[in-house]
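Reviewing the structure listed below.
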Amino acid sequence: MPYKILSDFDGVLTDLKKEALRVTELFESRLLLESGQPQAEVRGWLEQARSLMRSNPSEYGWKIKGRIAAFCNEDAFIRVNALGILLDEQSETLPALLATRRKFEVQGIEGFYGLAQACFQQMTKETARGEHNPIELAACRTIQTILEKGNQVVVVSNSGTDRVLQLLVNAGLPAESHDTNPNAPLRVRGGAGKFLLGDAPSVFSIGEYKIETDRPAYLKILEEEKPNAVVGDVFSLDLALPLSLAENKISGFEHLKVWLRKRDYTPEWSVEFLSDNNRGVTGGILEGFDELMAVGMV
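Okay, here's the thing in structure tokens:
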């Protein structure tokens with residue numbers, strides 16, 4: 004019987020270092036240039052916020068509805084979002100920071116988190132113009148092998164469908180939009196909203212980390228796809244919900260395998276958790292996407 008593998012994109016099929024560094028550079032440069040405050044003060048805001056995140060990462064992250072959807076130490080894109088959110092929170096008590104926030108709001112940018120999002124969008128436009136090429140060819144070769152064996156790959160990403168499609172097609176893969184062809188062997192479902200939390204908080208703990216599984220947009224995709232395996236590099240966004248479905252023996256997910264694509268930025272808490280038999284759920288750690296061929300998934 005053919006396999007269906009549901010994979011994240013950024014950080015799994017790409018190396019996000021350069022793109023994430025670019026987002027960080029854009030965020031800092033706009034703050035320094037447009038704040039109207041002394042550069043030393045702006046750098047002080049940034050360092051203080053980063054120090055707080057480094058010292059207690061389980062308390063900071065990409066917040067939705069006031070709850071952490073992904074933690075600040077899970078990848079560098081998330082870290083910029085978390086930084087923006089923390090600056091927004093601190094602006095409530097720091098007049099100079101609030102004044103800077105309002106300068107951006109006049110431009111239609113919703114605070115420092117909105118600035119982080121705007122910088123991400125600028126970076127994706129640069130990538131579309133060919134200024135960055137994050138795709139990993141080894142991952143693309145593995146996908147080609149998966150397809151040749153009659154299996155399916157569904158790329159489910161928070162990034163937009165057009166961004167993902169362009170990079171995969173430019174790498175020589177026969178990727179199609181799910182909206183255009185929902186039966187294509189290699190489909191892209193962008194704008195997945197894995198970070199969107201619902202109104203019924205549901206969490207489980209990994210040490211001091213409280214992991215949210217109330218993700219209705221992502222749940223809808225998982226229920227429609229019923230994959231055999233899920234691969235992601237960010238435990239909170241990509242893997243927490245499918246692991247919970249498998250662990251609770253939800254119909255269609257009883258035999259699901261959950262794989263964490265380990266990167267140099269992957270926090271040790273998620274590696275240790277998925278190295279410990281996943282509480283009975285099969286899967287584990289992948290040092291590279293091509294390791295799917297060695298673990299019986301291809």
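Take the sequence shown: its position 62, counted from the start at 1, is 65 in our numbering, and no numbers get skipped.
C-beta: ideal position from N, C-alpha, C; glycine also.
All figures in this text were calculated on a predicted structure; none of them were measured in a lab.
Taking the alpha-carbon positions, what's the residue i to residue j distance?
i, j, result
"Q147", "P41", "52 Å"
"L19", "V274", "19 Å"
"D217", "V159", "17 Å"
"P270", "L49", "22 Å"
"S208", "S61", "11 Å"
"F238", "L35", "33 Å"
"P5", "A72", "33 Å"
"V298", "Y268", "23 Å"
"R104", "S94", "7 Å"
"D293", "L263", "13 Å"
"E151", "A187", "13 Å"
"E179", "T17", "18 Å"
"L289", "L295", "8 Å"
"P185", "A203", "30 Å"
"A43", "K128", "30 Å"
"G255", "G47", "51 Å"
"V261", "K223", "18 Å"
"R82", "K66", "11 Å"
"I253", "Q51", "44 Å"
"T96", "L171", "45 Å"
"E227", "G283", "24 Å"
"L240", "W272", "15 Å"
"L259", "E92", "39 Å"
"C143", "G163", "19 Å"
"P219", "G114", "26 Å"
"N136", "T145", "18 Å"
"I112", "C75", "22 Å"
"E257", "T183", "30 Å"
"G133", "S32", "22 Å"
"Q110", "Q155", "44 Å"
"N59", "K21", "26 Å"
"G210", "K68", "23 Å"
Cβ of residue i within 8 Å of Cβ of residue j?
i, j, result
"R166", "H181", "no"
"K197", "Y212", "no"
"V234", "D11", "yes"
"G14", "R266", "yes"
"Q169", "A195", "no"
"P177", "I8", "no"
"F123", "F80", "yes"
"V45", "S38", "yes"
"M56", "L89", "yes"
"A214", "A232", "Before going on, a small fix: residue 214 reads as Ile here, not Ala. It is not a contact, given that the beta carbons lie outside the stated cut-off."
"G87", "L118", "yes"
List the whole-angstrom C-beta distance separating residue i from residue j, where the pair is believed to meet the contact cut-off of C-beta under 8 Å.
i, j, result
"R70", "L199", "R70 to L199, Cβ: 11 Å. No contact."
"N84", "Y63", "With a Cβ gap of about 10 Å, N84 and Y63 do not count as contacting."
"A174", "I138", "5 Å"
"R141", "G291", "Here residue 141 is Ala; the residue named in the question, Arg, does not match the sequence. Yes, A141 and G291 are in contact; Cβ-Cβ is about 6 Å, under 8 Å."
"Q125", "L29", "6 Å"
"D236", "D78", "7 Å"
"P245", "L225", "6 Å"
Go through the segment 198 to 266 residue by residue and report every complete run of the alpha helix (DSSP H) that reaches 4 residues or more, in order.
219 to 228, 243 to 250
At least 3 beta-carbon pairs within less than 8 Å: the segment 231 to 251 vs the segment 23 to 35:
No, because fewer than three Cβ pairs between the segment 231 to 251 and the segment 23 to 35 fall closer than 8 Å, the two stretches do not touch.
Alpha helix (DSSP H) runs contained entirely in the segment 161 to 188, provided each spans 4 or more residues
164 to 173
Segments of 4+ residues assigned as alpha helix (DSSP H) that fall wholly inside the segment 57 to 128:
79 to 93, 98 to 109
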